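Encoded as structure tokens, the structure appears first; notes follow it.
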Amino acid sequence: MVIMRPIPILTRGLVLAIALLFLSIDDLDGFPDASFAATDKDEGKPPLRVFVLVGQSNMVGHGILSRVNETTGKQMNATLEWLVTNVPDEYGKLRQQEGQDETNVVDLIDSSGMAYDEMTYTKRDHKTQWTIRPDVLMACNSRKLDDLSPHATTYGNLYAGLCAGDPGQEDQQVGPELGFGWAVGDALSDGGDSPVMLLKIAWGGKSLAVDFRSPSSGGTTGPYYRSVIATIENTLSGMKDKSFPKKSGRPLQLSGFAWHQGWNDGCDDNMANEYEKNLANLIRDVRKDLDMPNLPFAVAGTGMVGYDKQQPHRRQEVVDAEMKVANYPEFKGNVASIDTRPFARGPAPASPTQQGYHWNGNVESYWLIGQSLGKAMVDLINQHEQKHPINAYSYVAYS
Numbered sequence: 013m014v015i016m017r018p019i020p021i022l023t024r025g026l027v028l029a030i031a032l033l034f035l036s037i038d039d040l041d042g043f044p045d046a047s048f049a050a051t052d053k054d055e056g057k058p059p060l061r062v063f064v065l066v067g068q069s070n071m072v073g074h075g076i077l078s079r080v081n082e083t084t085g086k087q088m089n090a091t092l093e094w095l096v097t098n099v100p101d102e103y104g105k106l107r108q109q110e111g112q113d114e115t116n117v118v119d120l121i122d123s124s125g126m127a128y129d130e131m132t133y134t135k136r137d138h139k140t141q142w143t144i145r146p147d148v149l150m151a152c153n154s155r156k157l158d159d160l161s162p163h164a165t166t167y168g169n170l171y172a173g174l175c176a177g178d179p180g181q182e183d184q185q186v187g188p189e190l191g192f193g194w195a196v197g198d199a200l201s202d203g204g205d206s207p208v209m210l211l212k213i214a215w216g217g218k219s220l221a222v223d224f225r226s227p228s229s230g231g232t233t234g235p236y237y238r239s240v241i242a243t244i245e246n247t248l249s250g251m252k253d254k255s256f257p258k259k260s261g262r263p264l265q266l267s268g269f270a271w272h273q274g275w276n277d278g279c280d281d282n283m284a285n286e287y288e289k290n291l292a293n294l295i296r297d298v299r300k301d302l303d304m305p306n307l308p309f310a311v312a313g314t315g316m317v318g319y320d321k322q323q324p325h326r327r328q329e330v331v332d333a334e335m336k337v338a339n340y341p342e343f344k345g346n347v348a349s350i351d352t353r354p355f356a357r358g359p360a361p362a363s364p365t366q367q368g369y370h371w372n373g374n375v376e377s378y379w380l381i382g383q384s385l386g387k388a389m390v391d392l393i394n395q396h397e398q399k400h401p402i403n404a405y406s407y408v409a410y411s
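Counting from 13, one number per residue, gives the positions in the sequence shown under our numbering.
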């Protein structure tokens, strides 16, 4: 029987997990170890790699899947519908091909939804025209602005529109998770034999200086930081048997943390000035609180305004801070920063909307952000595993 050194998991009850949100992170005990042994069916198979995606509204995702120009009656530029039609070599794969099953039913919970620890989970199993990745599992929080509940509420297999947009916008918008999932799935899933999972935890309008503030930055630890840590622990400790039962025989391996955030901090001089310090502390504290000191960490810069010199200097200051942290000696080879300014596209009519703070709703922008994050994450994993060789039957955690 194959046993791996697992990710730490929270073994206490849900009531205690919720109570912990009201405590300082300094009051939290270390997360105890536990082993997930493979069943006979999964004996010798690699673990389920889990990637956490965190941020504010642009991690929530506001790329428009389909929108028709009311004047011309034509699909607006850079919606996903427009991209798969007009740039098929790159984006055609995102639409279901003839003969594929249109129903997202792989590895989902009960069709009626499921009550677990007094929480109701939503399964996404309706028909969709977009390609479903059976090798990329997806879970996310509710994305309601004031919902700090430390658990994921939606599960399914990755497709365009799953776990994106604000509440009420499900299956209408998309975020970085799509490009990220395709990048890590193509590189790591081994044709489905080594599936991956994305856990997205995001809320709109949240700052690193206040909402996601981590303990080492001093002052009051942000409630959204506490919720992120608790959500990771609660989701992973319960997902195997409750959420994706067909994967319950595999061990879990938390393999990376992706970050895309910064607009709110760029609205305030003081927040922008301390962004570099706060981001470095976030990386350190996430690793400390998850007991994974070398957890790969990929940062996508806040580049939605491109190189517009008319923007306040503080926006450039945040981008510069995001780029600098990967150069810290302690983060060499385990943190990557992506300059996303080349992915910025103009407002409508070049894009579906004129919301520059949401990448103008341009799906290409969100795809490129996610794809770059995913590729950077794969590079970090490869660097780590070259130094710590593994084989098909024995895996190391990032500690």
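A virtual CB, placed ideally from N, CA and C, is assigned to each residue, including glycine. Note that the coordinates shown come from a computational prediction; the quantities given were computed from them, not determined experimentally.
Legend entry - residue 146 in three-state terms, based on DSSP: strand
Inset, instruction - Starting from residue 349, follow the beta strand (DSSP E) in both directions and report where the run begins and ends. - result: Where residue 349 is concerned, the enclosing beta strand (DSSP E) stretches over 347 to 350.
Inset, instruction - Please state if the CB of residue 77 and the CB of residue 93 are separated by a distance shorter than 9 Å. - result: yes
Legend entry - Alpha-carbon spacing of residue 314 relative to residue 361, whole angstroms: Each residue's Cα considered, the two are about 22 Å apart.
Legend entry - Integer Cβ distance of residue 288 from residue 333, believed to fall under 8 Å: Confirmed, about 4 Å.
Legend entry - Beta-carbon proximity list for residue 243, same chain, < 7 Å, skipping 5 on both sides: 153, 162, 163, 164 and 213
Legend entry - Inter-residue spacing [alpha-carbon to alpha-carbon] between residue 397 and residue 391: 10 Å
Legend entry - Runs of beta strand (DSSP E) wholly within the segment 261 to 343 (minimum 3 residues, chain order): Those beta strand (DSSP E) runs which fall completely within the segment 261 to 343 and span 3+ residues are 264 to 272 and 309 to 312.
Inset, instruction - Run the proximity test for residue 177: is its beta-carbon closer than 8 Å to any non-hydrogen atom belonging to the ligand FAD? - result: Within the structure as shown, the ligand FAD is missing, as the structure has no ligands at all.
Legend entry - For residue 72, the first and last residue of its enclosing alpha helix (DSSP H): Under the DSSP assignment, residue 72 falls in the alpha helix (DSSP H) whose first and last residues are 69 to 72.
Legend entry - residue 170 versus 149, 388 and 343, residue with shortest Cα-Cα distance: Looking at the Cα atoms, 149 is the closest of the given residues.
Legend entry - Nearest-angstrom Cα separation, counted from residue 226 out to residue 237: 6 Å
Inset, instruction - Taking 9 Å as the cut-off, decide whether the C-beta atoms of residue 185 and residue 67 are in contact. - result: no
Inset, instruction - Answer yes if the segment 371 to 387 comes into contact with the segment 325 to 339, meaning at least three C-beta pairs across the two stretches below 8 Å, and no otherwise. - result: No, the segment 325 to 339 is not in contact with the segment 371 to 387.
Inset, instruction - Return the chain-ordered list of same chain residues with a C-beta closer than 8 Å to the C-beta of residue 33, the five sequence neighbours on each side being excluded. - result: Confidence at residue 33 is low in this model, with a pLDDT of 34, below 50, so its placement is unreliable and the value that follows should be read with caution. Shown here for residue 33: same chain residues with a beta carbon closer than 8 Å to its own, the five before and five after excluded, namely 160, 162, 235, 238, 239 and 242 in chain order.
Legend entry - Beta-carbon proximity of residue 187 to residue 197, cut-off 9 Å: no
Inset, instruction - Pull up the CB-CB distance for residue 356 and residue 317, whole angstroms please, since I reckon it's below 8 Å. - result: 7 Å
Legend entry - Close Cβ partners of residue 105 (< 7 Å) along its chain, the five nearest in sequence each way excluded: 143
Legend entry - Residue from 156, 211 and 206 whose Cα sits closest to the Cα of residue 168: 211
Inset, instruction - For residue 37, collect the residues of the same chain with a Cβ closer than 8 Å to its Cβ; drop the 5 residues on either side in sequence, then sort them by chain order. - result: With a pLDDT of only 31 at residue 37, under 50, the local geometry of the prediction cannot be trusted, and the value read off the model is given with reservation. Excluding residues within five positions, the ones whose Cβ falls inside 8 Å are 226, 227, 233, 237, 238, 241, 297 and 301.
Inset, instruction - Flag this pair as yes or no: are the beta carbons of residue 229 and residue 290 separated by less than 9 Å? - result: yes
Legend entry - Assigned secondary structure, residue 234 (DSSP; H/G/I helix, E/B strand, else coil): Looking at residue 234 - three-state DSSP - the assignment turns out to be coil, as it is neither helix nor strand.
Inset, instruction - Just tell me which of 209, 147 and 344 has its CA closest to the CA of residue 310. - result: 344
Legend entry - Where residue 378 sits in the DSSP three-state scheme: helix
Legend entry - Extent of the continuous alpha helix (DSSP H) run through residue 196: Note, residue 196: alpha helix (DSSP H), 189 to 200.
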